[in-house]
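The sequence shown maps to residues 13 to 325 in the numbering used here. We treat Cβ as the ideally placed atom computed from N, Cα and C, and that holds for glycine. These numbers come from a predicted model, not from an experiment.
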Amino acid sequence: MDGNSSSPNSSLSGAVKFNEKRISAVSFSGALYHFGTSGISVAVGTGITHPLDVIKVRLQMQLVGQRGPLVGMGPLFVQVMKNEGPRALYLGLTPALTRSLLYGGLRLGLYEPSKYACDWAFGSNNILTKIASGAFSGAISTSITNPVEILKVRLQMNSDLRQRGPIAEMRRIISKEGIRALWKGVGPATVRAAALTSSQLATYDESKQRLVKLTPLEEGIYLHLAASTIAGLVSTIITSPIDMVKTRLMLQRESAVGNYKNGFHCAYQVLRTEGPRGLYKGAFATFARLGPQTTITFMLCEKLRKLVGLNAM
(Lines of atoms letter the chains of each structure in order from A and count residues from 1; the text may use other names and numbers.)
(Lines give C-alpha, C1' and ligand atoms only; values in the text may rest on other atoms or scores of the structure.)
Protein backbone atom coordinates (compact mmCIF):
# COMPACT_ATOMS: atom_id res chain seq x y z
CA MET A 1 0.00 0.00 0.00
CA ASP A 2 2.75 2.39 0.98
CA GLY A 3 4.56 1.76 -2.27
CA ASN A 4 1.39 2.23 -4.30
CA SER A 5 0.42 5.42 -2.50
CA SER A 6 3.86 7.01 -2.96
CA SER A 7 3.70 6.67 -6.73
CA PRO A 8 0.76 9.05 -7.27
CA ASN A 9 2.29 11.51 -4.82
CA SER A 10 5.59 11.51 -6.70
CA SER A 11 3.74 11.89 -10.00
CA LEU A 12 1.75 14.80 -8.59
CA SER A 13 4.92 16.38 -7.27
CA GLY A 14 6.56 16.02 -10.66
CA ALA A 15 3.54 17.57 -12.37
CA VAL A 16 3.59 20.51 -9.96
CA LYS A 17 7.30 21.09 -10.61
CA PHE A 18 6.71 20.87 -14.36
CA ASN A 19 3.90 23.42 -14.14
CA GLU A 20 6.06 25.73 -12.04
CA LYS A 21 8.75 25.57 -14.72
CA ARG A 22 6.22 26.34 -17.44
CA ILE A 23 4.80 29.26 -15.43
CA SER A 24 8.25 30.74 -14.79
CA ALA A 25 9.12 30.27 -18.47
CA VAL A 26 6.17 32.43 -19.57
CA SER A 27 6.59 35.13 -16.90
CA PHE A 28 7.94 38.51 -17.95
CA SER A 29 11.32 38.00 -16.26
CA GLY A 30 11.57 34.46 -17.65
CA ALA A 31 10.86 35.68 -21.19
CA LEU A 32 13.32 38.55 -20.76
CA TYR A 33 16.08 36.19 -19.64
CA HIS A 34 15.18 33.67 -22.34
CA PHE A 35 15.28 36.10 -25.28
CA GLY A 36 17.95 38.33 -23.74
CA THR A 37 20.53 35.57 -23.29
CA SER A 38 19.89 34.46 -26.88
CA GLY A 39 20.27 37.95 -28.35
CA ILE A 40 23.40 38.81 -26.36
CA SER A 41 25.06 35.51 -27.31
CA VAL A 42 24.41 35.99 -31.02
CA ALA A 43 25.56 39.63 -30.86
CA VAL A 44 28.87 38.71 -29.18
CA GLY A 45 29.49 35.94 -31.73
CA THR A 46 28.64 38.34 -34.56
CA GLY A 47 30.90 41.10 -33.26
CA ILE A 48 33.91 38.80 -32.94
CA THR A 49 33.50 37.26 -36.41
CA HIS A 50 32.29 40.40 -38.27
CA PRO A 51 35.51 40.93 -40.30
CA LEU A 52 35.04 37.46 -41.80
CA ASP A 53 31.47 38.40 -42.71
CA VAL A 54 32.75 41.45 -44.63
CA ILE A 55 35.22 39.25 -46.51
CA LYS A 56 32.48 36.69 -47.23
CA VAL A 57 30.20 39.33 -48.78
CA ARG A 58 33.08 40.66 -50.94
CA LEU A 59 33.88 37.11 -52.10
CA GLN A 60 30.25 36.47 -53.00
CA MET A 61 30.20 39.55 -55.23
CA GLN A 62 33.21 38.53 -57.34
CA LEU A 63 32.82 38.20 -61.13
CA VAL A 64 29.06 38.67 -61.18
CA GLY A 65 27.74 37.01 -64.34
CA GLN A 66 31.20 35.75 -65.35
CA ARG A 67 33.39 32.69 -65.06
CA GLY A 68 37.03 33.05 -64.18
CA PRO A 69 39.68 32.71 -61.47
CA LEU A 70 38.46 33.90 -58.09
CA VAL A 71 40.48 35.84 -55.54
CA GLY A 72 40.88 33.76 -52.41
CA MET A 73 40.03 34.72 -48.87
CA GLY A 74 43.66 35.54 -47.90
CA PRO A 75 44.51 37.76 -50.92
CA LEU A 76 41.17 39.57 -50.61
CA PHE A 77 41.83 40.23 -46.93
CA VAL A 78 45.24 41.75 -47.81
CA GLN A 79 43.64 43.77 -50.62
CA VAL A 80 40.99 45.26 -48.32
CA MET A 81 43.56 46.07 -45.63
CA LYS A 82 45.86 47.73 -48.18
CA ASN A 83 43.25 49.72 -50.11
CA GLU A 84 40.68 50.56 -47.43
CA GLY A 85 42.44 50.05 -44.11
CA PRO A 86 41.57 47.93 -41.03
CA ARG A 87 38.36 49.88 -40.34
CA ALA A 88 36.88 48.46 -43.56
CA LEU A 89 36.70 45.05 -41.86
CA TYR A 90 34.10 46.52 -39.52
CA LEU A 91 31.88 48.11 -42.14
CA GLY A 92 28.22 47.55 -41.27
CA LEU A 93 29.01 46.56 -37.68
CA THR A 94 26.29 48.75 -36.12
CA PRO A 95 23.40 47.26 -38.14
CA ALA A 96 24.99 43.81 -37.76
CA LEU A 97 24.93 44.07 -33.96
CA THR A 98 21.44 45.60 -33.96
CA ARG A 99 20.18 42.79 -36.13
CA SER A 100 21.94 40.19 -33.99
CA LEU A 101 20.22 41.36 -30.81
CA LEU A 102 16.79 41.31 -32.47
CA TYR A 103 17.18 38.45 -34.94
CA GLY A 104 19.36 36.35 -32.66
CA GLY A 105 17.08 36.83 -29.68
CA LEU A 106 14.04 35.79 -31.72
CA ARG A 107 15.78 33.01 -33.67
CA LEU A 108 17.13 31.18 -30.63
CA GLY A 109 14.41 32.38 -28.30
CA LEU A 110 11.49 31.07 -30.38
CA TYR A 111 13.06 27.64 -30.90
CA GLU A 112 12.19 26.13 -27.53
CA PRO A 113 8.58 27.42 -27.42
CA SER A 114 8.11 26.11 -30.98
CA LYS A 115 9.54 22.75 -29.95
CA TYR A 116 7.21 22.57 -26.94
CA ALA A 117 4.25 23.46 -29.19
CA CYS A 118 5.17 20.65 -31.62
CA ASP A 119 5.57 18.25 -28.72
CA TRP A 120 2.12 19.25 -27.39
CA ALA A 121 0.47 19.06 -30.82
CA PHE A 122 2.06 15.86 -32.13
CA GLY A 123 3.16 14.13 -28.93
CA SER A 124 6.69 13.82 -30.28
CA ASN A 125 9.99 15.62 -29.91
CA ASN A 126 12.06 13.85 -32.57
CA ILE A 127 14.52 15.32 -35.05
CA LEU A 128 11.75 16.28 -37.50
CA THR A 129 9.95 18.43 -34.92
CA LYS A 130 13.28 20.06 -34.04
CA ILE A 131 13.90 20.88 -37.71
CA ALA A 132 10.37 22.27 -38.09
CA SER A 133 10.74 24.37 -34.92
CA GLY A 134 14.07 25.79 -36.09
CA ALA A 135 12.71 26.56 -39.56
CA PHE A 136 9.71 28.40 -38.11
CA SER A 137 11.71 30.51 -35.65
CA GLY A 138 14.35 31.38 -38.26
CA ALA A 139 11.81 32.37 -40.92
CA ILE A 140 9.80 34.60 -38.57
CA SER A 141 12.93 36.28 -37.20
CA THR A 142 14.50 37.18 -40.53
CA SER A 143 11.29 38.44 -42.12
CA ILE A 144 11.07 41.02 -39.31
CA THR A 145 14.75 42.08 -39.37
CA ASN A 146 15.43 42.04 -43.15
CA PRO A 147 15.79 45.87 -43.45
CA VAL A 148 18.70 45.82 -40.99
CA GLU A 149 20.37 43.06 -43.03
CA ILE A 150 19.98 45.20 -46.17
CA LEU A 151 21.80 48.05 -44.44
CA LYS A 152 24.56 45.73 -43.25
CA VAL A 153 25.46 44.30 -46.65
CA ARG A 154 25.20 47.71 -48.38
CA LEU A 155 27.63 49.21 -45.87
CA GLN A 156 29.96 46.21 -46.10
CA MET A 157 30.31 46.60 -49.87
CA ASN A 158 30.98 50.34 -49.93
CA SER A 159 33.43 52.00 -47.58
CA ASP A 160 32.28 55.44 -48.83
CA LEU A 161 28.98 54.89 -47.01
CA ARG A 162 30.82 54.76 -43.69
CA GLN A 163 30.73 58.56 -43.37
CA ARG A 164 27.00 58.64 -44.10
CA GLY A 165 26.00 56.10 -41.45
CA PRO A 166 23.21 53.49 -41.36
CA ILE A 167 20.29 55.89 -40.69
CA ALA A 168 21.23 58.17 -43.61
CA GLU A 169 21.71 55.14 -45.86
CA MET A 170 18.27 53.82 -44.92
CA ARG A 171 16.72 57.17 -45.82
CA ARG A 172 18.59 57.16 -49.14
CA ILE A 173 17.39 53.65 -49.97
CA ILE A 174 13.76 54.55 -49.23
CA SER A 175 13.88 57.81 -51.21
CA LYS A 176 15.66 56.39 -54.28
CA GLU A 177 14.52 52.75 -54.38
CA GLY A 178 11.32 52.82 -52.36
CA ILE A 179 10.45 51.23 -49.03
CA ARG A 180 10.08 47.82 -50.71
CA ALA A 181 13.84 47.87 -51.30
CA LEU A 182 14.29 47.21 -47.57
CA TRP A 183 12.79 43.78 -48.19
CA LYS A 184 14.91 42.91 -51.23
CA GLY A 185 16.08 39.33 -50.93
CA VAL A 186 13.61 38.58 -48.13
CA GLY A 187 12.59 35.33 -49.87
CA PRO A 188 16.09 33.79 -49.98
CA ALA A 189 16.88 35.40 -46.61
CA THR A 190 13.86 33.70 -45.07
CA VAL A 191 14.75 30.36 -46.69
CA ARG A 192 18.36 30.77 -45.52
CA ALA A 193 17.31 31.65 -41.98
CA ALA A 194 14.91 28.70 -41.88
CA ALA A 195 17.63 26.38 -43.19
CA LEU A 196 20.30 27.90 -40.91
CA THR A 197 18.22 27.82 -37.75
CA SER A 198 16.80 24.35 -38.36
CA SER A 199 20.20 22.87 -39.26
CA GLN A 200 22.06 24.77 -36.53
CA LEU A 201 19.68 24.34 -33.60
CA ALA A 202 18.36 20.89 -34.50
CA THR A 203 21.93 19.63 -35.09
CA TYR A 204 23.15 21.17 -31.83
CA ASP A 205 20.17 19.79 -29.90
CA GLU A 206 20.45 16.31 -31.42
CA SER A 207 24.27 16.23 -31.22
CA LYS A 208 24.16 16.96 -27.50
CA GLN A 209 21.77 14.07 -26.92
CA ARG A 210 23.80 11.65 -29.06
CA LEU A 211 27.14 12.68 -27.56
CA VAL A 212 25.82 12.19 -24.02
CA LYS A 213 24.60 8.69 -24.96
CA LEU A 214 27.62 7.60 -27.03
CA THR A 215 30.53 9.32 -25.28
CA PRO A 216 31.64 10.04 -21.70
CA LEU A 217 30.78 13.73 -22.21
CA GLU A 218 28.34 15.31 -19.76
CA GLU A 219 26.56 18.68 -19.67
CA GLY A 220 29.34 21.25 -19.67
CA ILE A 221 31.84 23.20 -21.75
CA TYR A 222 33.32 20.21 -23.66
CA LEU A 223 29.88 18.90 -24.66
CA HIS A 224 28.83 22.40 -25.77
CA LEU A 225 32.06 22.83 -27.76
CA ALA A 226 31.70 19.50 -29.59
CA ALA A 227 27.99 19.93 -30.37
CA SER A 228 28.36 23.55 -31.54
CA THR A 229 31.30 22.66 -33.83
CA ILE A 230 29.21 19.94 -35.50
CA ALA A 231 26.29 22.37 -35.83
CA GLY A 232 28.52 25.02 -37.44
CA LEU A 233 29.81 22.60 -40.08
CA VAL A 234 26.38 21.23 -41.00
CA SER A 235 24.75 24.67 -41.21
CA THR A 236 27.56 26.04 -43.42
CA ILE A 237 27.21 23.22 -45.98
CA ILE A 238 23.44 23.65 -46.15
CA THR A 239 23.18 27.45 -46.20
CA SER A 240 26.15 28.67 -48.31
CA PRO A 241 24.34 28.64 -51.70
CA ILE A 242 21.24 30.29 -50.20
CA ASP A 243 23.37 32.92 -48.49
CA MET A 244 25.13 33.76 -51.78
CA VAL A 245 21.78 34.23 -53.58
CA LYS A 246 20.49 36.37 -50.71
CA THR A 247 23.56 38.63 -50.86
CA ARG A 248 23.26 39.09 -54.64
CA LEU A 249 19.60 40.09 -54.38
CA MET A 250 20.19 42.50 -51.50
CA LEU A 251 22.99 44.26 -53.39
CA GLN A 252 21.12 44.32 -56.68
CA ARG A 253 20.77 47.70 -58.30
CA GLU A 254 19.58 48.32 -61.83
CA SER A 255 22.94 49.33 -63.27
CA ALA A 256 25.28 47.32 -61.08
CA VAL A 257 24.60 43.78 -59.95
CA GLY A 258 22.60 41.81 -62.49
CA ASN A 259 18.84 41.90 -62.95
CA TYR A 260 17.53 38.99 -60.94
CA LYS A 261 13.75 38.54 -60.75
CA ASN A 262 13.76 36.38 -57.64
CA GLY A 263 15.85 33.85 -55.74
CA PHE A 264 15.29 30.98 -58.18
CA HIS A 265 16.15 33.18 -61.16
CA CYS A 266 19.29 34.38 -59.39
CA ALA A 267 20.40 30.80 -58.63
CA TYR A 268 19.72 29.78 -62.25
CA GLN A 269 21.67 32.75 -63.65
CA VAL A 270 24.60 32.07 -61.33
CA LEU A 271 24.69 28.40 -62.36
CA ARG A 272 24.42 29.31 -66.07
CA THR A 273 26.96 32.12 -66.15
CA GLU A 274 29.33 31.30 -63.28
CA GLY A 275 28.99 27.53 -62.93
CA PRO A 276 28.21 25.41 -59.84
CA ARG A 277 31.19 26.90 -58.02
CA GLY A 278 29.41 30.25 -58.21
CA LEU A 279 26.87 29.13 -55.62
CA TYR A 280 29.67 28.41 -53.18
CA LYS A 281 31.60 31.64 -53.62
CA GLY A 282 32.73 32.68 -50.17
CA ALA A 283 31.86 29.25 -48.71
CA PHE A 284 35.20 28.92 -46.91
CA ALA A 285 34.82 32.40 -45.45
CA THR A 286 31.27 31.46 -44.48
CA PHE A 287 32.54 28.45 -42.54
CA ALA A 288 35.46 30.44 -41.11
CA ARG A 289 32.86 32.87 -39.75
CA LEU A 290 29.85 30.64 -39.07
CA GLY A 291 31.85 27.86 -37.40
CA PRO A 292 33.38 30.05 -34.66
CA GLN A 293 30.23 32.17 -34.45
CA THR A 294 28.10 29.09 -33.82
CA THR A 295 30.54 27.83 -31.20
CA ILE A 296 30.77 31.19 -29.41
CA THR A 297 27.00 31.72 -29.56
CA PHE A 298 25.99 28.36 -28.12
CA MET A 299 28.72 28.18 -25.48
CA LEU A 300 28.01 31.72 -24.27
CA CYS A 301 24.25 31.17 -24.38
CA GLU A 302 24.56 28.03 -22.25
CA LYS A 303 26.72 29.91 -19.73
CA LEU A 304 24.35 32.90 -19.57
CA ARG A 305 21.32 30.64 -19.20
CA LYS A 306 23.01 28.92 -16.27
CA LEU A 307 23.82 32.27 -14.64
CA VAL A 308 20.19 33.47 -14.80
CA GLY A 309 18.78 30.13 -13.67
CA LEU A 310 17.45 28.77 -16.98
CA ASN A 311 17.82 25.13 -18.01
CA ALA A 312 20.43 24.15 -20.61
CA MET A 313 19.30 24.28 -24.23
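With burial defined as no fewer than 16 other Cβ atoms inside 10 Å of the residue's Cβ, what is the status of I143: buried or exposed? buried
Using a Cβ-Cβ cutoff of less than 7 Å, which residues in the same chain neighbour Y45 once the five nearest sequence positions on both sides are dropped? V320, L322
How many angstroms separate the CA atom of T202 from the CA atom of E314? 26 Å
The alpha helix (DSSP H) enclosing Y280, as first and last residue numbers: 275 to 286
Please go through the same chain and pick out, in chain order, the residues whose beta-carbon is closer than 7 Å to the beta-carbon of L226, but skip the five residues on each side of it. none
Nonlocal neighbours in the same chain, by C-beta distance under 6 Å from F47, ignoring five residues either side: G117, G121
Please state the DSSP three-state secondary structure of V69. helix
First and last residue of the uninterrupted alpha helix (DSSP H) at R222: 198 to 226
DSSP-derived helix/strand/coil call for M311: helix
Looking at C-alpha atoms only, which residue of A206, A207, E286, Y234 is the closest neighbour of S219? Y234
Verify whether the separation of the beta carbon atoms of R111 and G150 is less than 8 Å. no
So for V83, helix, strand or coil by DSSP? coil
Nearest neighbour of H236, chosen from Y216, T141, G84 [CA to CA]: Y216
How many Å lie between K127 and R301 at the Cα? 27 Å
Would M93 be called buried (16 or more neighbouring beta carbons within 10 Å of its own) or exposed? exposed
Report the residue ranges of all alpha helix (DSSP H) runs contained in full by the segment 79 to 152; include only those spanning at least 4 residues, in chain order. 85 to 96, 105 to 111, 117 to 121, 123 to 134
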